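Under the working numbering, think of the first position of the sequence shown as 87, with each following residue one higher.
Only one structure is covered here, and it is reproduced in the block below.
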Amino acid sequence: MSEDLKKNIDQDIPGKIKNWRIRIFFTVWVTYMIYYIGRVNLGIAKPLMMAEFDISSTIFGGIGSAFFYAYAFGQFFNGFLGDKLGPRRMVTLGIIVSSGINLIIGVVGQFVWVLGILWGLNGFFQAMGWAPSVKTIANWFPPKQRGKWSGRLGTSYMIGGALAWVIAILITVTFGLTWQFAFIIPGIIMLIIGIINYVSIRNAPEEVGLPTIEEESEGKIEIGDTKEDEYLGFKYTLKAIFSNKTVIFAAFGLFCLNMVRYGITEWLPTLFYFDSAYELTLWKTIAFPVGGAIGALTCTMISDKFLKRRRMPIISILFGLLAITLYIYSLLPPVDLAAGIPMLMLIGFLTFGPHVLLVSTIPMEFGTRKAASSVTGFIDGFGYIGAAISTQVVGIILDTPDNMDMAYLFWIIAALAGCFVLLFNWKSVPKKKEYF
87 MSEDLKKNID QDIPGKIKNW RIRIFFTVWV TYMIYYIGRV NLGIAKPLMM
137 AEFDISSTIF GGIGSAFFYA YAFGQFFNGF LGDKLGPRRM VTLGIIVSSG
187 INLIIGVVGQ FVWVLGILWG LNGFFQAMGW APSVKTIANW FPPKQRGKWS
237 GRLGTSYMIG GALAWVIAIL ITVTFGLTWQ FAFIIPGIIM LIIGIINYVS
287 IRNAPEEVGL PTIEEESEGK IEIGDTKEDE YLGFKYTLKA IFSNKTVIFA
337 AFGLFCLNMV RYGITEWLPT LFYFDSAYEL TLWKTIAFPV GGAIGALTCT
387 MISDKFLKRR RMPIISILFG LLAITLYIYS LLPPVDLAAG IPMLMLIGFL
437 TFGPHVLLVS TIPMEFGTRK AASSVTGFID GFGYIGAAIS TQVVGIILDT
487 PDNMDMAYLF WIIAALAGCF VLLFNWKSVP KKKEYF
């Protein structure tokens, strides 16, 4: 290659990097958004299935817990595999298998024991999505941009949650189709997006001959040979997890937060089911993830600009405000749309603002790009143990008198516990390491 040609190619590298980053982010964002339509749909179909087959809240709580325990195990296991095998394979495999499970549930979901097994399997394969996606963003975006891009990435599962509810509500309530279509239609969409993801995604810049983010920071902006994203081994990833107390604190924080988040996601539609204005109040619940998307973008920006990348202060403060807001919301009647919609948006803001910092920003910063998937899986795994406990406990609570008040009290205690414990990690900031 002549020197002039090489110079012209090298001058175009910043443009290529920018184009690839836009392509990668958009693909990761859309793919993980679509993951959610194959997992949140049970929350809308649940009250219809309970009424049709006379299934108790306790039993459905167990089915929901099967998903979350399998998801938690899958996060621990698949997080490490995401670093070893690469996000492209893991994310594609997870969404395609999950799509197949949703399609099967649409046919045989009336058998409770079959539903429990399939929904548990769905949890394991759904756990192939998030941790590897975080690693992809960590590989492509430098540290100073990760707060911004992790916040944007977090909106994928919030918009995905809202989209899942919209699709399921339209299918089962607005158009009056059977609950089976709440699984069949998402399954078809997920299969299509899984194929598109595999074609479009690349694990890291070096896989297309671009400089790594470490080389880019050193000014080595030149085209190189294509090569695989290097895996540094199981020992490296274990050290990234257990040698950093912020990762441990984040895991506990997410354990508490997911008790609230998934308690609301799984059971709020059911709490509204027997209300005379069910369809109207059901649409109101979409305010929860919409407020969450605003919180994700806002909280990462605040911690970047005003707290010098310290994440725990804003997380702890928002946990405390979440507890207060949940108490106020518990006093409102379900059909109070004037106050209910803004309050649900605020609850979403206070839930997902800290959530995206715990499951996206902190794993990238404290795990580095080389162990981002493993660290994410560890934190998220503990979070979904909390989700499993909440789903089961609230299911039991709903079969008792005064059930709504007790459910809100359970979520308030969880938020306060997270607020208090994270105060002890108030000053943590990421340290500069060999890999970003």
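Glycine included, C-beta positions come from ideal geometry on N, C-alpha and C.
Source: prediction; values computed, not measured.
Please report the straight-line C-alpha distance between Leu509 and Pro399, rounded to a whole angstrom.
7 Å
Does the beta-carbon distance from Gly377 to Met431 come in below 7 Å?
Yes, Cβ-Cβ distance for Gly377 and Met431 is below 7 Å.
Beta-carbon spacing of Ala337, Phe438 below 7 Å:
no
7 Å Cβ cutoff met for Trp265 and Met135:
yes
Just reading off the alpha helix (DSSP H) that Thr411 is part of, what are its end residues?
Met398 to Ser416
Which whole runs of the alpha helix (DSSP H) in the stretch 440 to 493 are 4 residues long or more, in chain order?
448 to 483
Host alpha helix (DSSP H) of Asp98 (start-end):
That residue, Asp98, is in no alpha helix (DSSP H); it is neither H nor E in DSSP.
Going by Cα to Cα distance, which pick from Lys456, Ala493, Ser303 and Tyr470 is closest to Thr222?
Nearest C-alpha to Thr222: Lys456.
Starting from the C-beta of Glu314, find all residues in its chain whose C-beta is less than 6 Å away, skip the five residues before and the five after it, and write them out in chain order.
For Glu314, where only same-chain residues beyond five positions count, there are no Cβ hits under 6 Å.
Per DSSP, what kind of secondary structure is Phe197 in: helix, strand or coil?
coil
If you follow the alpha helix (DSSP H) that Gln266 is in, where does it begin and where does it stop?
Where Gln266 is concerned, there is no enclosing alpha helix (DSSP H), given that its DSSP letter is neither H nor E.
Beta carbon of Val220 nearer than 7 Å to that of Ile327
no
Environment of Ala424 [buried if 16+ CB atoms lie within 10 Å]:
exposed
From Leu91 to Asp98, what does the alpha carbon distance come to, in whole angstroms?
Confidence in Leu91 is poor, its pLDDT being 45 and thus under 50, which makes the residue's placement unreliable; the coordinate value appears in the next sentence. A straight line joining the alpha-carbon of Leu91 with that of Asp98 spans about 11 Å.
According to DSSP, is Ala604 helix, strand or coil?
What is shown of the chain runs 87 to 522, which leaves residue 604 out entirely.
Is DSSP giving Lys241 helix, strand or coil here?
The identity of residue 241 in the sequence shown is Thr, whereas the question assumes Lys. It is helical.
Do Asn164 and Gly29 come within 7 Å of each other at the CB atom, strictly closer than that value?
No statement about residue 29 is possible, as the shown extent of the chain runs from 87 to 522 and does not include it.
Neighbour-count burial assignment, Glu304, 16 or more Cβ in a 10 Å radius:
exposed
Beta-carbon proximity list for Ser362, same chain, < 7 Å, skipping 5 on both sides
Only weak support exists for where Ser362 lies, its pLDDT of 49 falling under 50; the value from the coordinates is given anyway. There are no such residues.
Whole angstroms are fine: how far does the CA of Gln161 sit from the CA of Ile523?
Nothing about residue 523 can be read from this structure; the chain reaches only from 87 to 522.
In three-state terms, what does DSSP make of Asn289?
It is coil, neither helix nor strand.
Would you mind stating whether Ile471 and Ala158 have Cβ atoms separated by less than 7 Å?
yes
Please report the distance separating the alpha-carbon of Phe139 from that of Gln196.
7 Å
Measuring alpha carbon to alpha carbon, tell me which of Pro375, Tyr118 and Asn511 ends up nearest Asn283.
Tyr118
Consult DSSP for Leu256 and reduce its assignment to one of helix, strand or coil.
helix
In chain order, what residues of the same chain have a beta carbon less than 7 Å from the beta carbon of Val183, not counting five sequence neighbours either side?
Within its own chain, the residues whose Cβ lies closer than 7 Å to the Cβ of Val183, once the five positions on either side in sequence are excluded, are Phe211, listed in chain order.
Would you call the stretch 167 to 183 in contact with the stretch 248 to 262, where contact means no fewer than 3 C-beta pairs closer than 8 Å?
no
Spatial neighbours of Asn330 in its chain, beta-carbon cut-off 7 Å, leaving aside the 5 residues before and after
Hits under 7 Å: Phe452.
Cβ-Cβ distance between Phe405 and Ala501 below 7 Å
In terms of Cβ geometry, Phe405 and Ala501 form a close pair [threshold 7 Å].
For Phe67 and Leu443, what's the separation of their Cα atoms in angstroms?
In this structure the chain extends from 87 to 522, so residue 67 is not present and cannot be described.
Quick check on DSSP: helix, strand or coil for Asn330?
If DSSP states are grouped into helix, strand and coil, Asn330 belongs with coil.
If distances are taken between C-alpha atoms only, which option among Leu239, Phe146, Leu383 and Ser416 comes closest to Tyr494?
Ser416
Whether Ser402 touches Pro218 by CB criterion (7 Å):
no
Are the CB atoms of Gly172 and Asn344 nearer to each other than 7 Å?
7 Å or more divides the Cβ of Gly172 from the Cβ of Asn344.
Between the alpha carbons of Val294 and Trp106, how many angstroms are there, rounded?
9 Å
Should Lys321 be listed as close to the ligand SAH, given that the test is whether its C-beta is under 6 Å from any heavy atom?
Absent from the structure shown: the ligand SAH. Ligands present: none.
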